[in-house]
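A.B. asks: In my numbering, the protein residues as written are 1243 to 1647. Every residue gets a Cβ at the ideal spot worked out from N, C-alpha and C, and that includes glycine.
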Ligand SMILES: Cc1ncc(COP(=O)(O)O)c(C=O)c1O
């Protein structure tokens, strides 16, 4: 199905071959089985949308609408997406002997995670293009976000997640209107089932990177951080990488902003953080490979890290090398310690994946991979409230008081 022309989209392009695809349509992978990337008429955007125009706009990801793929007349499907705060963490930075540490708190978005960005754009496109039912394989947060935006848009939603996905997130997706299926397999196995269901039942498949518009939503992380930091990108970005949509999206945002003259040529070193119990991309980077082998024995409690394979592997690895970044892994023990230290020192409750990034940042400092004068931005991709927390609280006998504790 097609819609009226998009404002500034010229075409979509296969990320591997460069082959062109028509704008204003629903798309899946390219003919060569690779992700599609949306391309814009940036010269027209440069004239129509100077950076200064942002001053007048609402503090929301939709302030960059010209750089998003929605058809001109389409209404966005919105749940109130704010620009997420960037908060400094000076005490933990000092304790680690590192440079400035900034945390972008994505848990402030609707549905409590950064997955809202991708789904807000993908579901807005899906509704504009006539989708009636959608399916997604997910480590949790993308499913919860899809459920919410589908319900908002009047689209039926089906979520397939591994059966060890945190229960808060599973229940969130169900309460927000999805049919949720718990699969006794890993994320890519949920993906195979989702693909088969999409073919059999005509559901639209919103799998990570198999649908091109989620990247466009994630791209707004890159626009936002640039604008929030006065159009000066940080020296280093730590990103918890599963499928890699945000990683790829941010890099695309940096390129688009440079073409528009909004930023210069400087790029952050992009650090790919994964769990030592599931690190296909970091392993491929260490081995000098351009594609990543599947990680067969997934073992971590941080659900967002449980992506044994991603079809965007070559794109993440290209960015990692082009930015002179690095791959780094963290154990569950390091994640738990990082979460506790950040909570106690700064009052910030990181999600496990965000805590993984903070743990990785501390390790990188200790290993001499970062300089003391470098400004680092760490992505805290979800609210820590969505995950199981260690038991706490000291029992008190009301007739005795704290002496009984
Ligand atoms: C909280 C959190 N952080 C990070 C990730 C990984 O994100 P991406 O697939 O964009 O690499 C996920 C994915 O499920 C997640 O839920």
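#1: Going by CA-CA distance only, name the one from 1337, 1387 and 1443 that's closest to residue 1354.
#2: Which first and last residues belong to the beta strand (DSSP E) in which residue 1376 is found?
#3: Is it the case that the CB of residue 1623 approaches a heavy atom of ligand 1 more closely than 7 Å?
#4: Take residue 1246 and list the residues in its own chain whose beta-carbon comes closer than 8 Å to its own, dropping the five residues that flank it on each side.
#5: Just how far apart, CA to CA, sit residue 1600 and residue 1468?
#6: Would you check whether ligand 1 has a heavy atom nearer than 7 Å to the C-beta of residue 1357?
#7: Residue 1488: which of 1465, 1476 and 1418 sits nearest, CA to CA?
#8: Could you give the first and the last residue of the continuous beta strand (DSSP E) run that contains residue 1398?
#9: State the DSSP-derived secondary structure class of residue 1618, mapped to helix, strand or coil.
#10: Where residue 1368 and residue 1610 are concerned, what is the direct C-alpha to C-alpha distance, given to the nearest angstrom?
#11: Once the 5 residues before and after residue 1428 are set aside, which same chain residues still bring their CB inside 8 Å of it?
#12: For residue 1453, count neighbouring C-beta atoms within 10 Å of its own C-beta (all shown protein chains included) and say buried if the count is 16 or more, exposed if not.
#13: Would you call the CB atoms of residue 1401 and residue 1366 closer than 8 Å?
#14: Where does residue 1475 fall in DSSP's three states?
#15: Is residue 1484 near ligand 1 - that is, is its Cβ less than 7 Å away from at least one heavy atom of it?
#16: According to the neighbour-count rule (16 or more other Cβ atoms, all chains shown, within 10 Å of its Cβ), is residue 1257 buried or exposed?
#17: What distance in whole Å lies between the Cβ atoms of residue 1286 and residue 1502, which are believed to be in contact at a cut-off of 8 Å?
#18: Smallest Cα separation from residue 1588: which of 1293, 1330 and 1290?
#19: Would you give the residue range spanned by the beta strand (DSSP E) that residue 1571 belongs to?
#20: Since I believe residue 1513 is in contact with residue 1480 (beta carbons under 8 Å), could you give me their beta-carbon distance rounded to a whole number of angstroms?
#21: Look at the alpha carbon of residue 1662 and the alpha carbon of residue 1280, and state the distance between them as a whole number of angstroms.
#22: Check each candidate in 1274, 1379 and 1591 and name the one with the smallest Cα separation from residue 1261.
#23: Would you say the region 1409-1416 touches the region 1431-1444, given that touching needs at least three Cβ pairs under 8 Å?
#24: Quick check: the Cα distance between residue 1243 and residue 1253, rounded to an integer number of angstroms?
#25: With C-beta atoms as the reference, is residue 1592 less than 8 Å away from residue 1546?
#26: By Cβ distance, which residues of its chain are closer than 6 Å to residue 1486, with the 5 residues on each side in sequence left out?
#27: Kindly identify the DSSP beta-bridge partner or partners of residue 1643.
#28: Give me the Cα-Cα distance between residue 1635 and residue 1251, rounded to the nearest whole angstrom.
#29: Quick check: the region 1614-1622 against the region 1337-1353, are there 3 or more CB pairs under 8 Å?
#30: Do you know whose CA, among 1482, 1490 and 1475, lies nearest residue 1507's CA?
#31: What is the rounded straight-line gap between the Cα of residue 1239 and the Cα of residue 1638?
#32: Between residue 1380 and residue 1350, how many whole angstroms is the CB-CB distance? I'm expecting something under 8 Å.
#33: Can you grab the Cα-Cα spacing for the pair residue 1397 / residue 1307, in whole Å?
#34: If you draw a straight line from the alpha carbon of residue 1249 to that of residue 1384, how long is it in whole angstroms?
#35: Out of 1530, 1527, 1522 and 1418, state which residue places its alpha-carbon closest to the alpha-carbon of residue 1538.
#36: Do you know whose CA, among 1571, 1395, 1421 and 1424, lies nearest residue 1370's CA?
C.D. replies: Let me spell this out:
#1: 1387
#2: 1375-1379
#3: yes
#4: Any reading at residue 1246 must be qualified, since the residue scores a pLDDT of 46, below 50, and its modelled position is unreliable; the value itself is stated next. Closer than 8 Å at the Cβ level, and outside the excluded window around residue 1246, lie 1266, 1313, 1314 and 1315.
#5: 20 Å
#6: yes
#7: 1465
#8: 1398-1404
#9: strand
#10: 46 Å
#11: 1404, 1540, 1548 and 1550
#12: buried
#13: no
#14: coil
#15: yes
#16: buried
#17: No, residue 1502 and residue 1286 are not in contact; Cβ-Cβ is about 11 Å, not under 8 Å.
#18: 1330
#19: 1569-1572
#20: 5 Å
#21: Nothing can be reported for residue 1662: it is not among the residues displayed for the chain, which extend from 1243 to 1647.
#22: 1274
#23: no
#24: Legend: pLDDT at residue 1243 = 41, less than 50; position of this residue unreliable, value from coordinates given subsequently. Answer to the nearest angstrom: the Cα atoms are 16 Å apart.
#25: no
#26: 1552, 1554 and 1558
#27: 1639
#28: 54 Å
#29: yes
#30: 1475
#31: Residue numbering for the chain in the displayed model covers 1243 to 1647; residue 1239 lies beyond these limits and cannot be assessed.
#32: Contact flag wrong, Cβ pair sits at about 21 Å.
#33: 23 Å
#34: 27 Å
#35: 1522
#36: 1395
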